[in-house]
Amino acid sequence: MAGGSGTRLWPLSRELYPKQFLALTGSNSLLQNTLERLKGLATAKPLIICNEAHRFLVAEQLRQKAALDRNILLEPRARNTAPAVALAALQARLAGEDPLLLVLAADHVVLDVQAFHTAVDKAIPYAQAGDLVTFGVVARTPETGYGYIRRGAALGEGAFRVDKFVEKPQRAQAEEYIKSGAFDWNSGMFLFKASRFLEELAAHRPDILTACEKAFAGVSHDLDFIRIDAEAFGACPEDSIDYAVMEKTQRAVVVPMDVGWSDIGAFAAVWETLPKDENGNVLRGDVLCHDSHNNLLFSENAMVAAVGVDDLIVIQTKDAVLVSARERAQEVKQIVNQLKQAGRSEHQLHREVHRPWGKYDSVDSGHRYQVKRITVLPGAKLSVQMHHHRSEHWIVVSGTARVTVDGVDKLLTENESVYLPVGAVHALENPGKLPLELIEVQVGSYLGEDDIVRFQDRYGRA
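Numbering-wise (full-length UniProt numbering), the sequence shown opens with residue 1 and increments by one.
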């Protein structure tokens with residue numbers, strides 16, 4: 001499940017580039033780490049469920065891991081986890097089979113992969129027997145940001161009947177849970193037969209199942225994407241898998257696991273997860289420290305210097321800087337709400353924007369002009385398009401560009417340029433084996449991205 005917006009990790013996480021696609025803990029994104037975690041388990045190819053707006057991000061990250069195989073199921077609208085898992089179960093049963101579904105969130109951290117595999121292996125017999133297994137994280141501290149699961153009767157080594165699901169508690173209650181030793185954190189990971197989940201959903205939330213079945217009746221394929229009927233899915237009620245099924249079923253089993261798990265819900269969790277220097281600081285990028293302790297300091301493209309500060313979160317990106325007390329990091333979502341109310345774009349987009357053909361970075365802008373650095377992937381092509389309100393100049397920095405202007409093709413290499421008048425029908429392609437880098441200068445009365453008329457597009461956007 002690769003949905004979600006990750007608002008508490010702003011400004012790293014944005015609406016159109018949320019945390020599951022970020023490399024927060026190393027060179028891989030959280031989604032890619034989730035895929036890597038499956039190695040060693042006897043699994044079929046993964047099915048990724050994501051928001052339609054993120055489809056090309058998911059496709060590129062799967063391609064980098066050789067895991068792209070027409071296996072991205074698109075949600076036209078966010079409807080929470082119960083409908084998402086219902087769609088996955090319906091897709092899994094298309095071939096007439098009834099596999100076990102291992103349901104994972106794409107934005108979690110698991111440090112001990114072998115222990116994770118052991119927990120999954122323990123859960124398999126129960127899922128095969130018709131139980132709905134949830135994985136509980138062994139709770140060692142009284143966290144108030146997680147839901148809890150109370151263990152019931154022991155079923156065998158490492159498995160218990162679920163006695164009760166508990167909402168996020170107050171601090172005193174969480175401390176009682178830890179003292180009792182009978183509670184685990186609710187990880188939001190599950191294992192069950194596809195048919196058993198659908199049976200339980202039919203019993204407890206038939207309205208969700210009916211809407212998902214109607215949406216799936218109109219299923220189609222587009223490139224590597226599986227599309228469902230958007231209108232039918234729009235009528236589906238929103239609900240989580242916990243509320244819709246797990247809290248109501250009589251067949252819930254919990255398998256506790258101690259795997260170094262975190263849902264990376266806020267910057268405090270990022271600080272807790274990552275390695276620290278001798279002063280307790282987590283440093284990323286061009287960062288200098290003096291007499292500073294227990295800070296999380298991230299720099300994307302500028303030097304960040306900290307002097308005599310403790311327990312801070314400082315996040316620098318190309319277009320925003322966040323400074324927060326570490327213990328109040330969850331309140332970052334209030335800044336995101338202010339951005340939305342002000343009609344600003346920083347909650348949605350980074351300055352660097354990813355597209356299916358590559359990316360662009362808005363380097364500079366002013367009255368009637370805008371400058372972008374454009375990167376086109378090898379073999380990729382932008383749409384055949386025109387603009388009503390702006391002309392453009394393209395200067396190749398590196399690589400080779402095939403440019404078409406009003407039906408005339410030309411090849412450009414390093415330090416060559418081309419002028420695109422207002423109204424010219426044009427296209428840009430990288431025919432080479434290396435990334436194409438160019439500078440685009442736009443001049444005109446209106447420079448918005450919606451001043452694009454597409455005539456042809458290999459990514460289905462025309």
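Built from N, CA and C at the ideal position, the CB exists for glycine as well.
Computed from a prediction, not measured in an experiment: that's the story for all the values here.
Helix, strand or coil at residue i [DSSP, three-state]
i      : result
HIS347 : coil
LYS381 : strand
ARG328 : helix
THR134 : strand
LEU16  : coil
THR273 : helix
ASP409 : strand
PRO206 : helix
ASN186 : strand
ASP163 : strand
THR404 : strand
ILE264 : coil
GLU143 : coil
GLN250 : coil
Chain-order list of residues whose beta-carbon lies under 7 Å from that of residue i (same chain, five-residue window excluded)
i           : result
GLY152      : PHE160, ARG161, VAL162 and ASP163
ASP98       : LYS193, ALA194 and SER195
LEU349      : ARG14 and LEU16
ALA115      : MET257, ASP258 and VAL259
VAL453      : GLN385 and MET386
residue 474 : Any answer about residue 474 is impossible in this case: the structure gives the chain only from 1 up to 462.
ALA127      : LEU100, VAL133, LEU191, PHE192 and LYS193
ALA154      : PHE160
Residue i to residue j span [Cα, whole Å]
i      : j      : result
ILE48  : ILE72  : 5 Å
GLN61  : LEU132 : 30 Å
ILE228 : GLU175 : 45 Å
ALA106 : VAL422 : 43 Å
VAL137 : THR210 : 33 Å
ALA123 : LEU90  : 22 Å
GLU200 : ASP242 : 12 Å
VAL282 : GLU327 : 15 Å
TRP261 : GLN330 : 18 Å
VAL321 : GLY343 : 19 Å
ASP406 : ALA424 : 6 Å
GLU231 : GLY218 : 10 Å
HIS419 : ASP319 : Correcting the residue type first, residue 419 is Tyr in the shown sequence and not His. Computed Cα separation, rounded: 29 Å.
Sequence-distant residues of its chain with Cβ nearer than 6 Å to residue i (five each side left out)
i           : result
residue 465 : This structure gives no information on residue 465, because the portion of the chain shown stretches from 1 to 462.
SER299      : GLY285, ASP286, VAL287 and GLN316
ASN279      : HIS293
PHE225      : ARG55, ILE72 and LEU74
PHE216      : LEU90 and ILE228
Cβ neighbour criterion (16 or more within 10 Å) applied to residue i
i      : result
GLY40  : exposed
PHE190 : buried
VAL259 : buried
LEU104 : buried
ALA266 : buried
GLN442 : buried
ASN295 : buried
PHE183 : buried
ASN337 : exposed
ALA325 : exposed
SER180 : exposed
ASN33  : buried
SER383 : buried
For residue i: DSSP bridge partner residues
i      : result
SER180 : Paired residues: none, contrary to the question.
HIS290 : VAL307
GLN442 : GLN370 and GLU392
CYS236 : The partner list for CYS236 (beta bridge, DSSP) is empty, contrary to what the question assumes.
LYS359 : HIS354 and THR375
ARG151 : VAL162
LEU38  : In DSSP, LEU38 forms no bridge with anything.
GLN170 : DSSP, once it has assigned bridges, lists no residue as partnering GLN170.
Chain-order list of residues whose beta-carbon lies under 8 Å from that of residue i (same chain, five-residue window excluded)
i      : result
ALA244 : ALA82, LEU201, HIS204, ARG205 and ILE208
ARG171 : PRO142 and THR144
TYR360 : GLU352, VAL353, LYS372, ARG373, ILE374, THR375 and GLU440
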